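Undergrad:
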Amino acid sequence: MLVAAGAFLGSIAAGVLILVGCGGIMEDGPRVTNYAGSSVPAAAGFLFVPVYLLTYVVIRAVEGFPEKQAFGPAESLLVLVLGMCFLGLMDDVFGDGKASGFKGHIRALFKGRISTGFLKALGGLLVALAVSLPLSHNWWELFLNATLIALCANLFNLLDMRPGRALKVFLPALAGVVALNWKLMDTFVPYLLSVGAVALVLLPGDLSERFMLGDAGSNVLGATVGLGVAIGAGNWWKLGVLLFLVFMNILSEKYSFSKAVDSNRPLNWMDRLGRKGEKPGETEYK
């Protein structure tokens, strides 16, 4: 419990210090036009990388760096944070936005053009497969875990279309994942809380439109939740979550999540809560 609390508080402190210290670098980095037509820094989600690395090294140093270190949950999350963040950053920096959704990327592929979104999706699946190997006892489990992690990462990417939305979904989802993995209090929960701490640090800036998480951040959010479910839940529960993720990803190809949220009063209220220049319950985006 002390390790988990220390990881959480330490990650908040590290996240704030790095965010403040590197604010100028972020301002000079990649920028995108958001839903309101404003140009904002696009890859604040990269903050997950240095904070997680620092948390991992500090905890391992306190433990004395055991000679035979198994590839456990902390290492799995380390690979996901690094892999998903850099794949997302590639799309944030080099993506042209001409292809979107699975259909758009496949259509571009048939036209002889490989989009950065396609590379990100393929790379994300490969990273998820690599992480799932030590977690799985057979090919069925490998498929289940890898697709769950990859589709969860993509779903959070789809959610990150308005300020604060992906983070508002992630934080309660993370609470559920922490409860699911409570027995791994010393080996996994501290690292989950490190990611959650960075999410809390980023939330005010995301809501106020000072920056965006970008794919670099939303990928990490989804992959973290997916890994938590893959490690903490039984196969039947994981299958249920996977079916939900498949449904939501397919649904996104036909319907706008933003329009659906805007037309639902409770979701609309939560979605706008804390957002710059908007009041909960408004029905039109400014």
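Residue numbering for the sequence shown follows my numbering, beginning at 24 and increasing consecutively. For glycine and all other residues, C-beta sits at the position ideal for the given N, C-alpha and C. Since the model is a prediction, treat every value here as computed from it, not as a measurement.
Please identify the residue among 181, 84 and 254 whose C-alpha is closest to the C-alpha of residue 278.
TA: Considering only alpha carbons, the answer is 181.
Undergrad: How about residue 186: is its C-beta nearer than 8 Å to some C-beta of chain D?
TA: Structure shown: chain D not included; a single protein chain is present.
Undergrad: For the putative contact between residue 148 and residue 173, defined by C-beta atoms under 8 Å, what is the C-beta separation to the nearest angstrom?
TA: Residue 148 to residue 173, Cβ: 5 Å. Contact.
Undergrad: In whole angstroms, what is the alpha-carbon distance linking residue 57 and residue 110?
TA: Cα to Cα, the separation comes out at about 20 Å.
Undergrad: Since I believe residue 105 is in contact with residue 81 (beta carbons under 8 Å), could you give me their beta-carbon distance rounded to a whole number of angstroms?
TA: The pair is not a contact, with the Cβ atoms about 17 Å apart (cut-off 8 Å).
Undergrad: Alpha carbon to alpha carbon, how far is residue 150 from residue 42? Give it in angstroms, no decimals.
TA: Going from the Cα of residue 42 to the Cα of residue 150 covers about 27 Å.
Undergrad: Enumerated in chain order, which unbroken segments of the beta strand (DSSP E) with a length of 3 residues or greater are wholly contained in the region 55-124?
TA: Listed in chain order, they are 62-64.
Undergrad: What do you get for residue 242, buried or exposed, if any count of 16 or more other CB atoms within 10 angstroms of its CB means buried?
TA: Buried, since its Cβ has 16 or more Cβ neighbours within 10 Å.
Undergrad: By DSSP, does residue 280 sit in helix, in strand, or in coil?
TA: In this structure, residue 280 counts as helix in the three-state DSSP scheme.
Undergrad: What residue from 25, 265, 212 and 235 has the CA that sits closest to residue 170's CA?
TA: Checking every option, the nearest Cα to that of residue 170 belongs to 265.
Undergrad: Please report how far the alpha carbon of residue 234 lies from the alpha carbon of residue 63, in whole angstroms.
TA: Looking at the two C-alpha atoms, the distance is approximately 5 Å.
Undergrad: Check the C-beta distance from residue 210 over to residue 289 and give it rounded, since I have them as a contact under 8 Å.
TA: The pair is not a contact, with the Cβ atoms about 37 Å apart (cut-off 8 Å).
Undergrad: Looking only at its own chain, which residues have a Cβ that is under 7 Å from the Cβ of residue 69, when we skip the five neighbours before and after it?
TA: Excluding positions up to five away in sequence, the list reads 108, 112 and 239.
Undergrad: Can you name the start and end residues of the alpha helix (DSSP H) that residue 170 belongs to?
TA: Looking at the DSSP string, the run of the alpha helix (DSSP H) that includes residue 170 is 162-182.
Undergrad: Can you tell me the Cα-Cα spacing of residue 153 and residue 145, whole angstroms?
TA: Cα to Cα, residue 153 sits roughly 13 Å from residue 145.
Undergrad: Specify, as a first and last residue, the run of the alpha helix (DSSP H) that residue 296 falls within.
TA: No alpha helix (DSSP H) contains residue 296, which DSSP labels as neither H nor E.
Undergrad: When the Cα atoms are used, what is the spatial distance from residue 99 to residue 168?
TA: So the alpha carbons of these two residues sit roughly 12 Å apart.
Undergrad: Taking only the alpha-carbon atoms, compute the straight-line gap between residue 227 and residue 295 and give it to the nearest angstrom.
TA: Going by the C-alpha atoms only, they are around 13 Å apart.
Undergrad: Let me confirm a value: residue 273 is counted as buried when at least 16 other C-beta atoms fall within 10 Å, else exposed. Which label applies?
TA: Exposed, since its Cβ has fewer than 16 Cβ neighbours within 10 Å.
Undergrad: How many Å lie between residue 164 and residue 250 at the Cα?
TA: Distance between the alpha carbons of residue 164 and residue 250 is about 13 Å.
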